[in-house]
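Residue numbers (my numbering): 1160 to 1482. Remarks on the structure that follows.
Structure (structure tokens):
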């Protein structure tokens, strides 16, 4: 199939474009949010092809993958065809509701009969009110990281995008408490200067800003444990990637993380003191950390494998496009 989709979430799109189809990814001269084109810090296959808005007008497109409400009108303008009416459309919902009206949050694509909403977690499907619009869940899948856990550094690793702007959502405010247990390495977008924002000494928190995925994985694997403090986000793919590497996990038991992290893969709790104690144990006891990491790797690879993810999407695409 020829699939039109925007580059919005780097990790998810990386998995998606590893399928057997041709992926048309809009690219604009300024590489803005609606024209990022191919990823620069992730490895994508050649089947993911950049197209300009002008090229899309005459392009053969079998299905449109929407990920933001405004993409519906944008696709209509660029294609000259209306997704959902003139060609099939699937709306992928990556996020938990952020409108302040949980659990009554109405999805922007609620009560439509012209598309399907595919949630990336069952938690998202549960908390969004989509009315009469058809929904399904396709659990995440990841490209397996090409590194194995060593845990040689008695440091804690964190992956957060925009930790200052998102603050309590990503649990950024909790980081100083864990920095008392062990030094933190924070990877992600717009993490530069985070130690200053938190009032931490430079040796207690080191930022690694926008590191290419393969290099980030190699660095994560050297840290003793992975810290996941998100209060209210969808399931972060970096968490699954860390588990797949073989890292033990210290995580808040919130949103879909409560289903993704089994008890023997580390520590999962809504009590921060419990997580602080677990982080301390992993730092002090490398063998215990390794055992938990092996359980984390087994769980991640069983549930979030790339083959399962692509097979689920192939079935869904065939149903929507071919009926």
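Where is the CB? At the ideal position from N, CA and C, for every residue including glycine.
Under the three-state DSSP convention, the category residue i falls into
i: residue 1428; result: strand
i: residue 1125; result: Outside the modelled stretch of the chain, which goes from 1160 to 1482, sits residue 1125, for which no answer is possible.
i: residue 1273; result: coil
i: residue 1399; result: helix
i: residue 1366; result: strand
i: residue 1315; result: strand
i: residue 1306; result: coil
i: residue 1394; result: coil
i: residue 1356; result: helix
i: residue 1340; result: coil
i: residue 1161; result: strand
i: residue 1281; result: helix
i: residue 1323; result: helix
i: residue 1442; result: helix
8 Å contact criterion, which residue i and residue j should meet: CB distance rounded
i: residue 1426; j: residue 1394; result: Actually they do not touch by this definition, with Cβ atoms about 17 Å apart.
i: residue 1185; j: residue 1204; result: That belief does not hold up - the Cβ atoms of residue 1185 and residue 1204 are roughly 18 Å apart, past 8 Å.
i: residue 1438; j: residue 1316; result: Going by Cβ atoms, the distance from residue 1438 to residue 1316 rounds to 11 Å, so no, they are not a contact pair.
i: residue 1299; j: residue 1463; result: 5 Å
i: residue 1196; j: residue 1166; result: 6 Å
i: residue 1231; j: residue 1193; result: Not a contact, Cβ separation roughly 12 Å.
i: residue 1344; j: residue 1367; result: 6 Å
Distance CB(residue i)-CB(residue j) smaller than 8 Å
i: residue 1384; j: residue 1421; result: no
i: residue 1465; j: residue 1224; result: no
i: residue 1242; j: residue 1479; result: no
i: residue 1177; j: residue 1162; result: no
i: residue 1392; j: residue 1328; result: yes
i: residue 1402; j: residue 1458; result: yes
i: residue 1263; j: residue 1171; result: no
i: residue 1291; j: residue 1251; result: no
i: residue 1200; j: residue 1372; result: yes
i: residue 1295; j: residue 1268; result: no
i: residue 1353; j: residue 1318; result: no
i: residue 1311; j: residue 1240; result: no
i: residue 1330; j: residue 1390; result: yes
i: residue 1388; j: residue 1411; result: yes
i: residue 1476; j: residue 1222; result: yes
i: residue 1472; j: residue 1282; result: no
i: residue 1456; j: residue 1405; result: yes
i: residue 1357; j: residue 1386; result: no
i: residue 1445; j: residue 1424; result: no
Beta strand (DSSP E) segment containing residue i, residue limits
i: residue 1296; result: 1293–1296
i: residue 1344; result: 1343–1347
i: residue 1386; result: 1382–1387
i: residue 1183; result: 1181–1185
i: residue 1333; result: Here residue 1333 belongs to no beta strand (DSSP E), and DSSP marks it neither H nor E.
i: residue 1409; result: 1408–1411
Span of the alpha helix (DSSP H) around residue i
i: residue 1449; result: 1445–1462
i: residue 1379; result: 1372–1379
i: residue 1327; result: Residue 1327 -> no alpha helix (DSSP H), and no H or E assigned at all.
i: residue 1469; result: 1465–1481
i: residue 1351; result: From DSSP, residue 1351 is part of no alpha helix (DSSP H); its letter is neither H nor E.
i: residue 1361; result: That residue, residue 1361, is in no alpha helix (DSSP H); it is neither H nor E in DSSP.
i: residue 1417; result: 1416–1419
i: residue 1289; result: Per DSSP, residue 1289 belongs to no alpha helix (DSSP H) and is neither H nor E.
i: residue 1264; result: Looking at the DSSP string, residue 1264 is not in any alpha helix (DSSP H), and its letter there is neither H nor E.
i: residue 1300; result: Segment: none, residue 1300 is in no alpha helix (DSSP H) and carries neither H nor E.
> Where are the beta strand (DSSP E) runs, 3 residues long or more, that stay fully inside the segment 1188–1261, in chain order?
Replying inline: Here the runs fully enclosed are 1207–1210, 1222–1225, 1248–1252.
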